[in-house]
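Data first, discussion second: the structure below is written as structure tokens.
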Amino acid sequence: MSLRQEGRRRVAGNTLAFLKNHAPFNKMKAEALQFFADKAQLVFHPAGSEIVGPAAGNVRYFYLIESGKVQARQAGEVTVTEYSILSLGAGESFPIGAVTAGRPSTNLYTAVDDVFCYQLPAEDFLKLMASSPEFNLFCTQYIASLLDQSRRQLQLQFAQRASEQQTLNSPLAGIGSRSPVSVTPETPVRRALETMSQAGVGSLVIVGEDRRPVGVFTRSDLLDRVVLADLSHSAPISQAMSTSPFMLEEHATAYDAMLAMATNGIRHVLVTDAEGKLTGVVSERDLFALQRVGLRQIRQSIEGAHDVASLQQSAADVRQLAFNMLAQGVGAEQLTQFISALNDALTRRVIQLNLERHNFDGIEWAWLAFGSEGRDEQTFSTDQDNGIVFVCNDAAALDAMRQRFLNFALGVNQDLDRCGFPLCKGNIMASNPQWCLTLEEWKDQFASWVRVPQPEALLNATIFFDFRPLFGKAELAEAMRRHLLAQTSSSPMFLRAMAHNALDVEPPLGKIRDFLTDLEPDQPGKIDLKKYGSRIFVDVARIYALATGVHNTNSVQRLRLAAKRLSIRDDEVNAILEGLDFIQLLRLQHQYLEGEPGKQGDNLINPDSLNELDRRILKESFRQARKIQTRLKLDYQVN
Amino acid sequence: MFGLKHFLSRPGSKLSPDVQDAVEAWRASPPPQLDDAHFHVRYVVIDIVSSGLRPDSDTLLGIAAVGVQQAGMVVPEDAFYLDFASLAGDSDAADRQLLAFLQFLAKAPLVTYHVPYVGGFLQRAYKESLGIDFQPQWVDLAWLLPSLFEEKSHTPQPLDHWLELFGLGGSSEGRRDAMDNTLLLARIFQMLLVRATGKAIDTAARLVAESQASSFLRRHH
Numbered sequence: 024m025s026l027r028q029e030g031r032r033r034v035a036g037n038t039l040a041f042l043k044n045h046a047p048f049n050k051m052k053a054e055a056l057q058f059f060a061d062k063a064q065l066v067f068h069p070a071g072s073e074i075v076g077p078a079a080g081n082v083r084y085f086y087l088i089e090s091g092k093v094q095a096r097q098a099g100e101v102t103v104t105e106y107s108i109l110s111l112g113a114g115e116s117f118p119i120g121a122v123t124a125g126r127p128s129t130n131l132y133t134a135v136d137d138v139f140c141y142q143l144p145a146e147d148f149l150k151l152m153a154s155s156p157e158f159n160l161f162c163t164q165y166i167a168s169l170l171d172q173s174r175r176q177l178q179l180q181f182a183q184r185a186s187e188q189q190t191l192n193s194p195l196a197g198i199g200s201r202s203p204v205s206v207t208p209e210t211p212v213r214r215a216l217e218t219m220s221q222a223g224v225g226s227l228v229i230v231g232e233d234r235r236p237v238g239v240f241t242r243s244d245l246l247d248r249v250v251l252a253d254l255s256h257s258a259p260i261s262q263a264m265s266t267s268p269f270m271l272e273e274h275a276t277a278y279d280a281m282l283a284m285a286t287n288g289i290r291h292v293l294v295t296d297a298e299g300k301l302t303g304v305v306s307e308r309d310l311f312a313l314q315r316v317g318l319r320q321i322r323q324s325i326e327g328a329h330d331v332a333s334l335q336q337s338a339a340d341v342r343q344l345a346f347n348m349l350a351q352g353v354g355a356e357q358l359t360q361f362i363s364a365l366n367d368a369l370t371r372r373v374i375q376l377n378l379e380r381h382n383f384d385g386i387e388w389a390w391l392a393f394g395s396e397g398r399d400e401q402t403f404s405t406d407q408d409n410g411i412v413f414v415c416n417d418a419a420a421l422d423a424m425r426q427r428f429l430n431f432a433l434g435v436n437q438d439l440d441r442c443g444f445p446l447c448k449g450n451i452m453a454s455n456p457q458w459c460l461t462l463e464e465w466k467d468q469f470a471s472w473v474r475v476p477q478p479e480a481l482l483n484a485t486i487f488f489d490f491r492p493l494f495g496k497a498e499l500a501e502a503m504r505r506h507l508l509a510q511t512s513s514s515p516m517f518l519r520a521m522a523h524n525a526l527d528v529e530p531p532l533g534k535i536r537d538f539l540t541d542l543e544p545d546q547p548g549k550i551d552l553k554k555y556g557s558r559i560f561v562d563v564a565r566i567y568a569l570a571t572g573v574h575n576t577n578s579v580q581r582l583r584l585a586a587k588r589l590s591i592r593d594d595e596v597n598a599i600l601e602g603l604d605f606i607q608l609l610r611l612q613h614q615y616l617e618g619e620p621g622k623q624g625d626n627l628i629n630p631d632s633l634n635e636l637d638r639r640i641l642k643e644s645f646r647q648a649r650k651i652q653t654r655l656k657l658d659y660q661v662n
Numbered sequence: 049m050f051g052l053k054h055f056l057s058r059p060g061s062k063l064s065p066d067v068q069d070a071v072e073a074w075r076a077s078p079p080p081q082l083d084d085a086h087f088h089v090r091y092v093v094i095d096i097v098s099s100g101l102r103p104d105s106d107t108l109l110g111i112a113a114v115g116v117q118q119a120g121m122v123v124p125e126d127a128f129y130l131d132f133a134s135l136a137g138d139s140d141a142a143d144r145q146l147l148a149f150l151q152f153l154a155k156a157p158l159v160t161y162h163v164p165y166v167g168g169f170l171q172r173a174y175k176e177s178l179g180i181d182f183q184p185q186w187v188d189l190a191w192l193l194p195s196l197f198e199e200k201s202h203t204p205q206p207l208d209h210w211l212e213l214f215g216l217g218g219s220s221e222g223r224r225d226a227m228d229n230t231l232l233l234a235r236i237f238q239m240l241l242v243r244a245t246g247k248a249i250d251t252a253a254r255l256v257a258e259s260q261a262s263s264f265l266r267r268h269h
């Protein structure tokens with residue numbers, strides 16, 4: 024090898040080290056990567072300088088940012104200027120479309136700060152596209168290829184967690200409650216009972232000042248040692264607790280805990296760190312959850328359930344199964360539909376159990392789901408949104424009939440709450456007389472919202488127009504839908520008001536930074552993926568569905584069908600749907616990986632905590648949100 | 049490799065005729081125009097590996113160099129790497145490699161960090177092997193950086209400190225080899241070219257003069 028070849032090999036080696044850390048290069052074959060590294064030139068662009076723009080003629084290079092930030096700005100006369108600026112960072116490349124087509128760039132690319140770029144001459148870029156399928160896919164289907172890669176990474180991450188979670192060999196440190204409810208031995212019995220009641224738990228750990236457990240107090244102790252022993256409520260809890268609780272260290276396995284429970288006849292094992300300080304509690308139930316549960320078993324147990332207690336068990340199994348599916352790399356669309364399907368079955372069973380105490384024979388009625396449940400888009404933390412539609416031809420009997428439905432609905436709402444679907448804070452529930460209406464009343468209600476699109480009506484439209492029958496006579500819901508679509512497709516003013524509303528919130532893309540993370544004043548550094556992400560897609564989907572007469576409520580289906588009617592290109596729609604899918608997947612992942620077991624997860628993510636690939640896809644997903652908003656803006660002339 | 053021992057052990061200092069001819073051809077070749085804008089000048093950024101810090105007694109072990117063209121472009125094809133250890137003491141091969149490096153340089157202005165160190169080793173190597181007084185046009189980053197990037201530091205700093213100041217320190221996990229070092233110097237030089245042009249130091253001749261002046265001023269005042 025000549026000394027120059029050796030020199031080139033080493034310079035390329037330096038470039039390779041960079042490429043290996045960035046998609047799509049890290050997935051490309053060694054030969055293709057070497058080709059890129061051999062040909063790529065490293066160039067410096069000082070802050071404020073133009074890198075490439077429409078005036079530079081046909082694009083001569085493919086640029087890959089090595090360090091620094093580049094701003095892309097749409098050149099020329101642009102009406103929606105605030106939508107046309109975006110920022111690119113290390114590992115991102117431009118202008119892919121222009122260099123592929125051999126035309127001038129439509130965007131102006133400027134260095135925001137000092138930037139180093141690898142530039143690959145256009146002819147070498149085209150050779151690379153021809154020789155590397157991975158690179159080709161990246162350039163032609165930008166998001167799709169990144170998504171695919173991210174999904175595989177996610178799969179790996181979950182699979183790891185799943186296998187950790189699901190074997191009896193896993194350490195106790197990762198099982199059960201990590202923040203057990205505890206009190207000190209001096210705590211009065213009354214105070215201790217209040218603590219249990221507030222936390223909704225059946226047992227308490229009593230710990231000394233050094234956090235070492237000294238006893239356990241359970242509900243059965245309450246009967247034996249307080250009530251029957253006639254113990255004063257102001258006595259310290261230490262007089263009522265069981266002393267010398269069973270403890271295991273964190274690194275003991277689930278198997279150890281199971282054995283201990285079986286041999287000692289206990290239901291809880293306290294978990295401590297090496298110093299004997301309390302760090303958690305593992306219950307019998309936690310250990311059962313480790314064993315895999317299957318879809319069929321869950322359905323069977325839901326359908327065969329005879330009381331709410333066994334449905335509660337099934338609800339927990341649904342979560343576990345959903346988790347397993349995430350681990351197997353199932354996409355967000357299928358997963359949310361799957362969660363919805365099982366939740367539907369659960370809700371139906373709750374309704375059936377309640378119907379045993381109510382008789383609606385001879386009355387036409389249906390149970391309706393609204394909001395995310397109505398759209399088949401439930402994530403792990405969804406509260407109830409439901410209502411009832413019924414037919415009553417005798418005006419004199421209406422009030423009495425409504426009252427019967429309300430009584431019934433109250434039972435269903437409460438049972439659903441016990442199964443892990445919290446009561447709706449906005450009281451959008453069938454037990455609220457406002458949402459337990461006859462078919463005619465619903466029609467009038469819908470019509471009045473469409474006729475007078477005031478803020479409250481528009482807000483209601485975003486919840487109630489996404490309805491779906493869960494139980495009873497589905498034809499009633501169909502009649503509501505036909506009525507609604509007839510109203511909306513002939514009310515451009517209403518749709519325009521909806522569009523205006525939907526454009527209130529913009530995707531949190533920064534002009535210089537990647538993301539705006541200060542939109543929620545009490546959550547600095549975080550992005551609400553629902554409010555600034557999925558809701559944008561959902562809102563736009565609803566408007567186009569109402570405008571084009573699409574009967575579906577699911578956002579993905581709405582967008583697909585509406586796009587066909589509006590002749591939007593397939594690849595454009597697919598990119599949008601992939602963006603939505605990714606944001607939903609991130610929400611699910613966040614709720615599962617970071618949410619505490621059994622607690623309501625939130626939608627707040629810190630983009631800095633994502634890996635580079637996911638950050639880029641998230642950015643691209645937000646760009647897709649921006650794209651459909653721009654379209655909506657133009658279609659409805661909203662400024 | 050180019051130690052006193054090596055020099056003494058060499059029977060006479062006869063070069064192979066073809067090497068001798070090539071050296072003559074190099075001597076006769078015209079130097080590049082240095083009063084042209086940076087864009088038209090090819091610079092060569094260089095770093096060396098040695099057994100110690102004293103050019104007159106320690107040994108030169110390797111050279112890593114890259115060209116910087118068109119006012120700041122590093123092209124992988126324009127690079128050079130010489131490792132004397134691979135020659136196992138073959139002095140004719142060493143002569144030829146040093147000759148190849150001369151040809152690679154093509155009398156371009158040389159950029160490095162701390163000329164007395166790098167230049168000292170090269171000078172001795174060329175004197176002992178090809179009998180050449182190696183006196184290229186030098187650009188010394190060690191002295192130019194504090195005068196052109198005063199806001200970062202107005203006094204000379206160790207190279208690692210400059211890398212930190214330029215935000216180039218992060219990637220250097222573990223040991224860097226000579227080429228990694230050269231590429232880092234090239235990056236600093238790319239930034240320096242932009243800065244220099246902004247201060248009307250817009251030709252190679254002026255940049256070389258500025259380098260000389262800054263090192264002279266620093267040392268004598």
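First to last, the sequence lines map onto chains A and B. With the working numbering applied, the first sequence corresponds to residues 24 to 662, in that order. With the working numbering applied, the second sequence corresponds to residues 49 to 269, in that order. Note that beta-carbon positions come from the ideal geometry of N, C-alpha and C, so glycine has one too. In this text the structure is predicted, and so the values were computed from the model without any measurement.
CA-to-CA distance, Pro-144 (chain A) to Asn-483 (chain A), given in whole angstroms: Reading the first sequence from its first residue, position 460 is the one you call residue 483 (chain A). Reading the first sequence from its first residue, position 121 is the one you call residue 144 (chain A). Taking the Cα positions, Asn-483 (chain A) is about 55 Å away from Pro-144 (chain A).
Is the CB of Asp-61 (chain A) under 8 Å away from at least one CB in chain B? Indexing the first sequence from 1 puts residue 61 (chain A) at position 38. Yes, Asp-61 (chain A) lies at the interface with chain B (some Cβ there is under 8 Å from its Cβ).
From B:Val-92, B:Arg-90 and B:Asp-131, residue whose alpha carbon lies closest to that of Leu-108 (chain B): Translated into positions along the second sequence, residue 108 (chain B) becomes position 60. Comparing Cα-Cα distances from Leu-108 (chain B) to each of B:Val-92, B:Arg-90 and B:Asp-131, the minimum goes to B:Asp-131.
Element boundaries [beta strand (DSSP E), containing Phe-85 (chain A)]: Translated into positions along the first sequence, residue 85 (chain A) becomes position 62. Start and end: 84-90.
Within 8 Å, do at least three Cβ pairs link the segment 395-413 of chain A to the segment 354-362 of chain A? In short, these stretches touch, since the Cβ pair count reaches three.
Check whether Gly-663 (chain A) and Val-294 (chain A) have beta carbons under 8 Å apart: In this structure chain A extends from 24 to 662, so residue 663 (chain A) is not present and cannot be described.
Output the boundary residues of the alpha helix (DSSP H) element that contains Leu-232 (chain B). As a first step, residue 232 (chain B) is located in the second sequence; it is residue number 184 there, counting from the start. 226-246 is the span of the alpha helix (DSSP H), which, as asked, contains Leu-232 (chain B).
Measuring alpha carbon to alpha carbon, tell me which residue in A:Lys-656, A:Leu-603 and A:Leu-657 is nearest Leu-641 (chain A). Numbered from its first residue, the first sequence carries residue 641 (chain A) at position 618. Of the candidates A:Lys-656, A:Leu-603 and A:Leu-657, the one whose C-alpha sits nearest the C-alpha of Leu-641 (chain A) is A:Leu-603.
When you compare only the Cα positions, how much space is there between Met-121 (chain B) and Arg-32 (chain A)? For the purposes of this step, residue 121 (chain B) is taken as the residue at position 73 of the second sequence. For the purposes of this step, residue 32 (chain A) is taken as the residue at position 9 of the first sequence. Annotation: Met-121 (chain B) to Arg-32 (chain A) spans about 17 Å, alpha carbon to alpha carbon.
When you compare only the Cα positions, how much space is there between Asn-436 (chain A) and Leu-508 (chain A)? Within the first sequence, numbered from 1, the residue matching residue 436 (chain A) stands at position 413. Within the first sequence, numbered from 1, the residue matching residue 508 (chain A) stands at position 485. Annotation: Asn-436 (chain A) to Leu-508 (chain A) spans about 29 Å, alpha carbon to alpha carbon.
Cβ-Cβ distance between Thr-241 (chain A) and Ser-261 (chain A) below 8 Å: Indexing the first sequence from 1 puts residue 241 (chain A) at position 218. Indexing the first sequence from 1 puts residue 261 (chain A) at position 238. In this structure, Ser-261 (chain A) does not lie closer than 8 Å to Thr-241 (chain A) by Cβ.
Could you tell me whether any Cβ in chain B is nearer than 8 Å to the Cβ of Asn-37 (chain A)? As a first step, residue 37 (chain A) is located in the first sequence; it is residue number 14 there, counting from the start. Closer than 8 Å: yes.
Helix or strand or just coil, what does DSSP make of Ala-35 (chain A)? For this step, residue 35 (chain A) is matched to residue 12 along the first sequence. In this structure, DSSP gives Ala-35 (chain A) a helical state, which the three-state scheme calls helix.
Would Gly-30 (chain A) count as contacting chain B if we go by Cβ distances under 8 Å? Start at 1 with the first residue of the first sequence, and residue 30 (chain A) comes out as number 7. For Gly-30 (chain A), the answer is yes, since a Cβ of chain B falls inside 8 Å of its Cβ.
Spatial neighbours of Val-163 (chain B) in its chain, beta-carbon cut-off 7 Å, leaving aside the 5 residues before and after: Looking up residue 163 (chain B) in the second sequence gives position 115. These residues qualify, in order along the chain: Trp-186 and Asp-188.
When Cβ atoms are compared, which residues of the segment 114-129 of chain B fall closer than 7 Å to chain A? Within the segment 114-129 of chain B, those residues whose Cβ lies closer than 7 Å to any Cβ of chain A are, in chain order, Val-114, Gly-120, Met-121, Val-122, Val-123, Pro-124, Glu-125, Ala-127, Phe-128 and Tyr-129.
Can you name the start and end residues of the beta strand (DSSP E) that Thr-461 (chain A) belongs to? Here the question's residue 461 (chain A) lines up with position 438 in the first sequence. Unbroken beta strand (DSSP E) run through Thr-461 (chain A): 459-461.
What do you reckon, are the CB atoms on Asp-92 (chain B) and Ala-226 (chain B) nearer than 8 Å? Position 44 of the second sequence holds residue 92 (chain B). Position 178 of the second sequence holds residue 226 (chain B). For clarity, residue 92 (chain B) is Val in the given sequence; the question names Asp instead. No. Outside cutoff.
Alpha-carbon to alpha-carbon, Asn-409 (chain A) and Ile-451 (chain A): As a first step, residue 451 (chain A) must be located in the first sequence, where it is residue number 428. As a first step, residue 409 (chain A) must be located in the first sequence, where it is residue number 386. Those two C-alpha atoms are separated by around 6 Å.
Closer than 8 Å to chain A by CB, Phe-152 (chain B): Residue mapping note: residue 152 (chain B) aligns to position 104 of the second sequence, counting from 1. Cβ-Cβ to chain A under 8 Å: yes for Phe-152 (chain B).
Between the CA atoms of Ser-202 (chain A) and Thr-670 (chain A) - distance to the nearest angstrom: In the structure as shown, chain A starts at 24 and stops at 662, and residue 670 (chain A) therefore has no counterpart that could be examined.
Going straight from the alpha carbon of Thr-230 (chain B) to that of Gln-238 (chain B), what length do you get? On the second sequence, position 182 is the one that residue 230 (chain B) refers to. On the second sequence, position 190 is the one that residue 238 (chain B) refers to. Near 12 Å, if we compare the C-alpha coordinates of Gln-238 (chain B) and Thr-230 (chain B).
Would you mind sorting Gly-71 (chain A) into buried or exposed? The rule is 16 or more other CB atoms within 10 Å of its CB. Taking the first residue of the first sequence as 1, we reach residue 71 (chain A) at position 48. The residue in question, Gly-71 (chain A), is exposed, as its Cβ has fewer than 16 Cβ neighbours within 10 Å.
State the start and end residues of the unbroken alpha helix (DSSP H) segment that holds Tyr-161 (chain B). Along the second sequence, read from residue 1 onward, the residue named residue 161 (chain B) stands at position 113. Premise fails: Tyr-161 (chain B) is in no alpha helix (DSSP H) and is neither H nor E.
Below 9 Å between beta carbons is the criterion; list the residues of the segment 139-161 of chain A that meet it against any residue of chain B, in chain order. Answer set for the segment 139-161 of chain A: Phe-139 and Gln-142.
Tell me which residues share the same chain as Ala-113 (chain A) and place their Cβ nearer than 7 Å to its Cβ, disregarding the 5 neighbours each side in the sequence. The count along the first sequence starts at 1 and reaches residue 113 (chain A) at position 90. The residues are Ile-88, Glu-89 and Ser-90.
Ranges of the beta strand (DSSP E) found wholly within the segment 69-125 of chain B, counting only runs of at least 3: Considered as a whole, the segment 69-125 of chain B harbours 91-98 and 108-117 as its complete beta strand (DSSP E) runs of no fewer than 3 residues, in chain order.
Mind pulling the chain A residues with CB within less than 7 Å of Leu-231 (chain B)? Stepping through the second sequence from its first residue, residue 231 (chain B) is reached at position 183. Within chain A, Val-34 and Asn-37 have C-beta atoms less than 7 Å from the C-beta of Leu-231 (chain B), given in sequence order.
Start-to-end residues for the alpha helix (DSSP H) that takes in Asp-637 (chain A): If you number the first sequence from 1, residue 637 (chain A) lands on position 614. Unbroken alpha helix (DSSP H) run through Asp-637 (chain A): 635-658.
Span of the alpha helix (DSSP H), counted from its first residue to its last, around Pro-156 (chain A): Here the question's residue 156 (chain A) lines up with position 133 in the first sequence. From DSSP, the alpha helix (DSSP H) with Pro-156 (chain A) extends over 156-163.
Whole angstroms are fine: how far does the CA of Glu-307 (chain A) sit from the CA of Ala-502 (chain A)? Within the first sequence, the letter at position 479 stands for residue 502 (chain A). Within the first sequence, the letter at position 284 stands for residue 307 (chain A). Straight-line Cα distance between these residues: approximately 49 Å.
Nearest residue (CA-CA) to Phe-182 (chain B), options B:Leu-192, B:Trp-191, B:Leu-170 and B:Ser-139: On the second sequence, residue 182 (chain B) is found 134 positions in, with the first residue counted as 1. Nearest neighbour of Phe-182 (chain B) by Cα position, chosen from B:Leu-192, B:Trp-191, B:Leu-170 and B:Ser-139, turns out to be B:Leu-170.
I need the boundaries of the beta strand (DSSP E) containing Pro-236 (chain A), first residue and last residue. Your numbering for residue 236 (chain A) matches position 213 in the first sequence. The continuous beta strand (DSSP E) containing Pro-236 (chain A) extends over residues 236-241.
Interface partners of Leu-65 (chain A) on chain B, CB under 7 Å: In the first sequence, residue 65 (chain A) corresponds to position 42, counting from 1. For Leu-65 (chain A), the residues of chain B that pass the 7 Å Cβ criterion are Val-122, in the order they occur in the chain.
In this structure, does DSSP put Glu-187 (chain A) in helix, strand or coil? Working through the first sequence from its first residue, we reach residue 187 (chain A) at position 164. Summary for Glu-187 (chain A): the model assigns pLDDT 47, below 50, so the residue's position carries little reliability; its value from the coordinates is reported in the next sentence. Glu-187 (chain A): helix per DSSP, three-state reduction.
Per-residue contacts from Ala-148 (chain B) into chain A (C-beta, under 9 Å): Residue 148 (chain B) sits at position 100 when you count from the first residue of the second sequence. Here the neighbours are Ser-25, Leu-26 and Arg-27.
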